[in-house]
Every structure is written in C-alpha cells, then in structure tokens.
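Chains as they are written, first to last, in this note's numbering: chain A, 1 to 404; chain B, 1001 to 1404.
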C-alpha cells in the first residue's frame, strides 16, 4: 500500500479524493499497488464529511510520517506551498501539483531537488487541466526538437471569446454572464488579462526548451480590448479570434507572447470552443500535433493530479522528469517578431485607402456597412516594430489584432 | 552508450535512422545516454549509403550480440517480425515497433513476454503515426475509466473524404488522384475497406479495456460506398463525413465498429482534414480529450519509434507498459448498438413522406433539387437491427450513413 497526503481540500483537492475513491480498482491496478489517502491537510474541519478523519492541520505530521511517499499539493499560491514542497522533496517524498504559480516560479529548482533525492515532482495539472501535455512533452515528444508551442490555455477567456463570437455580444456583458455561471472569477483579472495563460506557457516553454522561461519576460496582452465590432470583422473574414499563448523558435531566436490572435478555419485551434483548451505543438520531425480537452474544472484537473500520483507510485525512487535548467532562457525582443496584423482604421476606403496603402502596402479594404466611418484590412507579414511605426504614422487606428 | 538495431530499412526504418542522426544531441540528452544504431537488418544492400556499414542480413547477429539492448522492428507484416520480436524479448532485449498487424494479433503475448523478462515492448507508432496516444493511454489517462475511444485512424481515407467534400468529386476519381500523389497504395483495399483502421482500433481498445479485442470481431465498413451525392446531402446539413473507428462502453457492453459516420460541426473530429489523424477519448473523470497529428508519413512515424527507443533506454530492465490480458474481450453484437441514421430513399416527399414516417417516425425530409426522384432524412436513435428492419420494410433505400 502506498500512502498519500493531499494538501488542500478545496475544489481540486476534493476532486482528487473523489477520483481516487471512484476509480480505485483501476487506479490500484495501474499503480501496481493500493493507493491510500492517509491525510488531507486543510485549515478547516469538515464535520460529517468522510474526509474528516483524515484531516490534519499541521504539515509536519505529514512530513514526519515515513509512510507517506507521495504528496499532492493542490493548495495554490506560492507560499506555503513552496516551503512544504521543498521540505517534502528533500525528505525523499514525491510531490505532484496543479499549482501553476509555483511551478512557473520555482519549477527548475524543485525538479532539481527531486532529481537529487531520487523522487519526482510532477505537474501535469498545472497546464491545460486534464489534457495530457506535460507527460507527452517529457516522454513522448523526446525524438523531436520542439520549435513551437501554441496554446489556448485559459478556459474563461476562451468561453468569453466563443460567446462574443456566437452571440455578437460585448466583452463586458459576456464577462458578467460568465461570472454568474461560475465560469469566471469575481476578480477576473488573472484570466482576462492573460496572466494565467502566461504562467502556463512559461512552464510549457521551459520544459520544451530546457531552460527557465520567466513569465515576467513574456509580453502579455489580455482580451479586454476586443470589442463586438472587432469580432464582426473577424467573422466577416470567415475567421475567429482566440487568446493564444505561444513560444516559437525562429532563426535561433525564441519569441514568447500571450495575445488575442485571429485564427483561420484551417487551423486546428479554430474549432476549440467554450471552456475547452488545446495545445498545438510543432516538432522538427513530428510536424504538427495538438492536444485537446478540458482545461479546467474539478474532475478533469483532479484526473491529471491522480494520474501523477499513479506515475509516482510506479516510479518510487526513480526520477523520471526531464528537468529544465535554472539558467535563464533569454527571450528575443518581440519588436522583431513578425506576423500579419488585422487593423481597423478611421476613414473610408474611397478617400483614405491610398494613404493606408502608402503606409501599409497593397492591402485590401474590408468594409462593414454597419461600421460607419471606418474600415479594416490585413497587412502583409511585418515586425511588431514596423507595425507600430506604421500605425503611428497613420494615426487613426481604432484597434489591431495579430493574425496567427 | 546504448546499442540499437533497426529491423527493416524501408520508409519507416530509414526515417528512424534519419531522426536519430538529425536530433542526436537532444535525443541523447533525453535518453540519458548516447543512442547508437549498430545494425540495420535488411535483405538488400545499400551501396553508397552511409547505412551500408551497419547492414546485416542475418537476424541472429543482432540476437546474439549482448551489446544490443533495443531493437526497432519496422519491417511490417506478421512474419518474420513475430518470431524476431519474440526471440529478442526472450533474450531480455526491448523491442519497439510501428507494426500494427503484429501488435493487433500478438500484442498481449508479446507484452507478457516483455514483462516476464524485465524488458519493454512499445508500439507508439502502430496507431496514429506520430500522434502520442499509446503512451498517454498507458501513463497519462491512468486515473480514468475509459468509456470511449473514437479515432480517425487512416490518413488515406481521410484525405479521400476531405477531397470528396471539398471538390464534390466521386470516390473513384479522388482515389486515382490520391494514388498518383502517393497518398494511396496501388492496392488500396487495406485503407479504403477500413482494415487498417480496424487493426488500430483493436490495439487501442485492447489497451483501454485491458483485454484482447480481436480485430476479426470488429464490424468493419469502408468508404467505397460513399458517393458524391451522399456528400452533397451531408454538406447541405452543415455536417461532414469521416471514417470513424471506435469502441464504446454502453451499459456495460462494449461495442466496436469501423464505418463512415456523419460528424457535426461542434464535434472536435469535424475539422480533422486531409491526411491528419485524431483520436478522441472520453474518460469518466477527465471528460473529453483529443489527440491530433500526422497519422502516417516517414518522419512522424519515425519520430514515434525513436521516442519509444528513448523511453526504452530510460527504462532498461524496468517494464513500464500496462499489459492487456490475452483473455478475449467479448464485444457486444452491433445489432443492439443504437444511433441515428441518415437515409436516402427513392421517391419524393409529396407522395412518399407518409410511408417513410409510418416506418421511420416523424423525420424531416431533406430535398436537394439536383437529386431528382429521391430525398433524405435523419432518423431518431435506433438500434442497427431496428434500422435494418425498417429499411427492408421501406424497400427503396439508396444509401444510409450512420450519424455520430
């Protein structure tokens, strides 16, 4: 029997207990031994809940119990999760987590401690919820040099953009509705400003490129600037808009960014709608691959944590994670990153197209009858810096969205 | 240094050599040791090719060389691949393969021999080419009870259906074009009749349900009966048609089938086009997940084989694959499998709809002006047996396609 402790009995923690209870027979078979949850750490008590008899309030009880081999840290936040994880790994216990803040900030160090102590630090649930992506990157795509990872990594913003697209609604209205349905937090900043996606792409990029990608270095733009009018244009072009988090190797430079981008119908990311997430990966021999599924939610996330527990049970005393070096990966300045831009400008095609073409090149105007006094166009591929300069030169730009 | 032998220097075999040469530094890093191809077994010689110095014609040289720890069997076909694999595993060597015929037929036995000899038998490349699906099923979706796997598992037929859909062409014309482009074999039977997809879903189902699913037991229908006229109706309904290979657990019964099915726009399989493959999985806690990528092709397939080599190098003397029991999984009779059917009948709605409704229920007629003397409709959910009985009762059915 392998004794496990769960740190935190919130949404994910209670999900982990539920998953391990529900699927115990197949989980035990796959782990090769019975998995038993011995402790659940929480500040609260849960009288009447069967978990109550396992509740402890003091982490040291878990740390000092030599029977505990695996700890699922599902508390969230950097502290005290960081201290607890470090102590556990130093004591030779394996830890798995859904905590993206902690992995993004201290992943390299914690992986190294795990390696030095023949234990494991796994974090499948930190990116893409239930979607297997960390383990495939670590153990399936090992014959490839990864040159691109692009993810729809945040379910809340994908839900909002999908609703805006389908109903033509404004951002603020859909956000309110999403909050009422529980798809968005009361304080939605981490989601809608792209911070959540940013931490996740930092983790995926660090793993793919083998060095520390600091989330602070990633240019991050949320979806708050996307309007119903923008979406009308995008729709008229037969495309859609998604909040993409990506890192890409171009001529030896690695660019990383979180921003809304326009996605065409032939792109596998086009039809990833609602709260679903997807991660597109390009390998130099594999070509295109994509992983799709529930990016959040109690049970999908708990499924990923529980799968990490099984993997750790199978690999007691054997480190299996590639670790990424704590050495910092210097991202290239995005000002030299090049792509097409969809631009909405004030003016009308008859009188202003010439000026637009003088600045932006031979673009084709996109005119929506209901959007008076403006038109849109898609530029050729140009650098961020070149775009910025041209936009300033034209002056009256209403909005711009990058095109994948 | 870990010495490897490659059996077969055909398309996949030469791809494996190429991938290991191209990405040697990252592969060696991930394997934890240098991977070296010591032998390539082939009946032919390759004068002038750098591989010539590694070519051997006698398998026993490989079998009897204790330095060889890992063998990539990429010959295809049951014999002599089966004999070679068995001997290698019994000698404690690990084997990986892209050989779906062999895995579908003898996978359970070979996995058991590997387990008894502390070696590994891996076959990521046997299903879905470069798409990681075997390893995720084995080591990521371990907390779930899988209740459905549905795949677009054959690139040739998906290419043909995509072209038929996009160009309105007939099956025979697109097949010829696909053969000219090298996307279809001169003898296309294994692809277009669904036999290839059948073997792959047998492997995936055996792994997911833990017991031997015999491909001979799976009802298999190819795409040769799909016409340009069928596709016109499907298009008019805003849907598409895909060759799906699936197994599904319904009320404790497991149904498996390979057949063309109509797929709606909200289905993640809808936009899997051209030679791409995808595997949709539903787990009882995970919910929906999908894995997408290149289902065939030299380098994507070789990428999967090389990733298996890396995994075997990391796990010398440690068996890591779940094995499926050789005990046969009895599939439920598909006559009780229930779904909707799209049906094209002779007649016209004015005079014949009443008869149709008496037999099939309150269906809505779908009329295409260019298809004179016929109309289509979609039934309610009914069993295969009930459909068959009703179709016989009506008599003049032109075609029917199942609806996912």
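Just so it is clear, CB atoms sit at the ideal spot from N, CA and C, and this is done for glycine as well.
Asked: Beta carbon of residue 367 of chain A, beta carbon of residue 378 of chain A: below 8 Å?; Found: no
Asked: Give the list of continuous beta strand (DSSP E) stretches no shorter than 3 residues that lie fully inside the stretch 1066–1098 of chain B.; Found: 1068–1073, 1094–1097
Asked: Could you tell me whether the stretch 9–18 of chain A touches the stretch 38–46 of chain A, using the rule of 3 or more Cβ pairs below 8 Å?; Found: yes
Asked: For the alpha helix (DSSP H) that contains residue 1300 of chain B, what are its first and last residues?; Found: 1298–1314
Asked: Which one of A:361, A:399, A:350, A:307 has the shortest CA to CA distance from residue 130 of chain A?; Found: A:307
Asked: Between residue 199 of chain A and chain B, is any beta-carbon pair separated by less than 8 Å?; Found: no
Asked: If you follow the alpha helix (DSSP H) that residue 1041 of chain B is in, where does it begin and where does it stop?; Found: Counting along the chain, residue 1041 of chain B falls outside any alpha helix (DSSP H), though it belongs to the beta strand (DSSP E) covering 1035–1041.
Asked: Going straight from the alpha carbon of residue 1433 of chain B to that of residue 1135 of chain B, what length do you get?; Found: Since the first residue shown for chain B is 1001 and the last is 1404, residue 1433 of chain B is missing from the structure and cannot be characterised.
Asked: Step through the CB atoms of chain A and report whether any lies within less than 8 Å of the CB of residue 1125 of chain B.; Found: no
Asked: Which whole-angstrom value is the C-beta distance of residue 240 of chain A and residue 234 of chain A, which I expect to be below 8 Å?; Found: 6 Å
Asked: If I measure Cβ to Cβ from residue 245 of chain A and keep anything under 7 Å in the same chain, skipping five residues before and after, which residues do I get?; Found: 151, 153, 197, 198, 200, 201, 258
Asked: Along the beta strand (DSSP E) that carries residue 1137 of chain B, what are the first and last residues, could you check?; Found: Looking at the DSSP string, residue 1137 of chain B is not in any beta strand (DSSP E), and its letter there is neither H nor E.
Asked: Looking only at C-alpha atoms, which of A:194, A:193, A:176, A:195 sits nearest to residue 186 of chain A?; Found: A:176
Asked: Would the stretch 16–36 of chain A and the stretch 105–116 of chain A be scored as touching if the rule is three or more Cβ pairs under 8 Å?; Found: no
Asked: Which stretch, first to last residue, makes up the alpha helix (DSSP H) that contains residue 19 of chain A?; Found: 11–22
Asked: Just curious, the alpha helix (DSSP H) that residue 1111 of chain B is in, first and last residue?; Found: 1100–1116
Asked: Could you compute how far the alpha carbon of residue 1229 of chain B sits from the alpha carbon of residue 1170 of chain B?; Found: 8 Å
Asked: Closer than 8 Å by beta-carbon distance: list the chain B residues that pair up with residue 27 of chain A, in chain order.; Found: 1142, 1143
Asked: Between the stretch 285–312 of chain A and chain B, which residues of the former have a C-beta closer than 7 Å to a C-beta of the latter?; Found: 285, 286, 287, 288, 289, 290, 291, 292, 293, 294, 299, 300, 302, 303, 306, 307, 310, 311
Asked: Which runs of the alpha helix (DSSP H) spanning at least 4 residues fall entirely within the stretch 142–179 of chain A, listed in chain order?; Found: 155–167
Asked: Under DSSP, the alpha helix (DSSP H) around residue 1197 of chain B begins and ends at which residues?; Found: 1195–1209
Asked: Nearest CA to the CA of residue 58 of chain A: which residue from A:69, A:76, A:70, A:80?; Found: A:80
Asked: So the beta strand (DSSP E) residue 1255 of chain B belongs to, where does it begin and stop?; Found: 1253–1263
Asked: In the DSSP assignment, what residue or residues form a beta bridge with residue 1280 of chain B?; Found: B:1150, B:1290
Asked: Can you give the Cα-Cα distance for residue 1232 of chain B and residue 1165 of chain B, rounded to whole angstroms?; Found: 8 Å
Asked: Cβ closer than 8 Å: which chain A residues qualify as neighbours of residue 1135 of chain B?; Found: 135, 136, 139, 140
Asked: Could you tell me whether any Cβ in chain A is nearer than 8 Å to the Cβ of residue 1022 of chain B?; Found: yes
Asked: With 8 Å as the threshold, decide whether the Cβ of residue 30 of chain A is near any Cβ in chain B.; Found: yes
Asked: How close, in whole Å, do the beta carbons of residue 1383 of chain B and residue 1325 of chain B come, if the pair is a contact with beta carbons under 8 Å?; Found: About 29 Å; that fails the 8 Å criterion.
Asked: Look at the Cβ atom of residue 417 of chain A, then the Cβ atom of residue 204 of chain A, and state whether they are nearer than 8 Å.; Found: Missing from the structure shown is residue 417 of chain A; chain A here goes from 1 to 404 and no further.
Asked: May I ask you to report which of helix, strand or coil DSSP gives residue 330 of chain A?; Found: coil
Asked: Name the residue from A:56, A:288, A:278, A:327 whose alpha carbon lies nearest to the alpha carbon of residue 159 of chain A.; Found: A:278
Asked: Within 8 Å of any Cβ in chain A, is that where the Cβ of residue 1214 of chain B sits?; Found: no
Asked: Could you name the residues of chain A that residue 1019 of chain B contacts, counting a contact when the two beta carbons are closer than 7 Å?; Found: 143, 285
Asked: Could you tell me which chain B residues have their CB closer than 9 Å to the CB of residue 270 of chain A, listed as they occur along the chain?; Found: 1271
Asked: Answer with buried or exposed for residue 393 of chain A, where buried requires no fewer than 16 other C-beta atoms within 10 angstroms of its C-beta.; Found: exposed
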